[in-house]
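Asks: Encoded as structure tokens, here's the structure I'll be asking about.
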């Protein structure tokens, strides 16, 4: 059995993260992990930093690349693409969930909602699009069934959702600082050495366990659930999405007609 943290933010890639990738790796190794999936917000910067400056320090530890994508209408979605496929458009927030699903599957990738019942402004199942169109869950390849930074109830609801739709669950710490590294895991039958291995394991029944420990919810964490925080983030996300729309459309038009 090998353990991965499937939701990791790095200082080099996420503006709200405080953990250098070198330190993240060191901490996960100390907790008995075999690998991690970097899922910075709308960017590959954290992974590229690792490849350029840290690759030689991880001979017995696997570092893979994903993206936590900010959709226009369904919150945060975890995306895992096949080896060698880095879509520039995934660095430009604001695609609709329907467009994202089509694009990721067109290129052989997989995707699923991060913290689907977490905060009201970035969690798929708390937003209008998925509430009115629950059938969209059928198009996800997995559900994040455990997230260290969410409440036990939110994680229970995520796991119930996965069971109802027959989707595999992954676990991730969603760590933005050291305190939560190593507090969530996804365990696999076989060794995982590349994104293709990871995609195969998730889609073909290779996950044998997931879970962890939720963080203690402090008042500052609870503020994320306020109406003011929700309205503020939605306005911010929508404004940036509209601002980037012409550039995003240009990148979409330039994509090659690659299909799995």
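In full-length UniProt numbering, the protein residues as written are 1 to 260. Each residue gets a CB set at the ideal place from its N, CA and C atoms; glycine is no exception.
1) Can you check whether the CB of residue 116 is closer than 8 Å to the CB of residue 125?
2) So, for residue 173: in the same chain, excluding its five sequence neighbours on each side, which residues have a beta-carbon less than 8 Å away from its beta-carbon?
3) Report the start-end ranges of each beta strand (DSSP E) in the stretch 117–166 that is 3 residues or longer and not cut off at the edges.
4) Since I believe residue 242 is in contact with residue 89 (beta carbons under 8 Å), could you give me their beta-carbon distance rounded to a whole number of angstroms?
5) What first and last residue would you give for the beta strand (DSSP E) that runs through residue 275?
6) Considering just the uninterrupted stretch of the beta strand (DSSP E) at residue 4, what are its terminal residues?
7) Is the beta carbon of residue 2 closer than 8 Å to that of residue 192?
8) At a cut-off of 7 Å, is residue 93 close to the ligand SAM when judged by its beta-carbon and the heavy atoms of the ligand?
9) When DSSP builds the beta bridges, which residues end up paired with residue 66?
10) Would you report the Cα separation of residue 256 and residue 99, rounded to the nearest angstrom?
11) Residue 207 lies in the beta strand (DSSP E); which residues open and close that run?
12) Cα separation between residue 283 and residue 35?
13) Locate the alpha helix (DSSP H) running through residue 97, then write down its first and last residues.
14) Roughly how many angstroms lie between the CA atoms of residue 178 and residue 18, to the nearest whole one?
Replies: In this structure, then:
1) Numbered from 1 along the chain shown, position 125 holds the residue referred to as residue 125. Numbered from 1 along the chain shown, position 116 holds the residue referred to as residue 116. Going by C-beta atoms, residue 125 is nearer than 8 Å to residue 116.
2) On the chain shown, position 173 is the one that residue 173 refers to. Apart from sequence neighbours up to five positions away, the residues of its chain that approach residue 173 with a beta-carbon distance below 8 Å are 5, 7, 8, 147, 148, 149, 180, 181, 182, 183, 184 and 212, ordered along the chain.
3) DSSP runs (the beta strand (DSSP E)) wholly in the stretch 117–166: 143–147.
4) Here residue 89 corresponds to residue number 89 of the chain shown, with the count starting at 1. Here residue 242 corresponds to residue number 242 of the chain shown, with the count starting at 1. Contact doesn't hold; Cβ gap of about 16 Å is too wide.
5) Missing from the structure shown is residue 275; the chain here goes from 1 to 260 and no further.
6) Your numbering for residue 4 matches position 4 in the chain shown. Taken as a continuous stretch (DSSP letters only), the beta strand (DSSP E) holding residue 4 covers 2–8.
7) By 1-based counting over the chain shown, the position of residue 192 is 192. By 1-based counting over the chain shown, the position of residue 2 is 2. Contact annotation: residue 192 and residue 2 have beta-carbon atoms nearer than 8 Å.
8) Among the ligands in the structure shown, none appear at all, so the ligand SAM cannot be discussed.
9) Counting from one through the chain shown, the residue named residue 66 turns up at place 66. DSSP lists no beta-bridge partner residue for residue 66.
10) For the purposes of this step, residue 256 is taken as residue 256 along the chain shown, with counting starting at 1. For the purposes of this step, residue 99 is taken as residue 99 along the chain shown, with counting starting at 1. Distance between the alpha carbons of residue 256 and residue 99: 16 Å.
11) What you label residue 207 is simply residue 207 of the chain shown in a count that begins at 1. Per DSSP, the continuous beta strand (DSSP E) segment holding residue 207 begins and ends at 207–212.
12) Given that the chain is displayed from residue 1 to residue 260, the structure contains no residue 283 and the question cannot be resolved.
13) As a first step, residue 97 is located in the chain shown; it is residue number 97 there, counting from the start. It spans 97–106 - the alpha helix (DSSP H) in which residue 97 sits, taken as one unbroken run.
14) For the purposes of this step, residue 178 is taken as residue 178 along the chain shown, with counting starting at 1. For the purposes of this step, residue 18 is taken as residue 18 along the chain shown, with counting starting at 1. Residue 178 and residue 18: Cα-Cα distance of roughly 8 Å.
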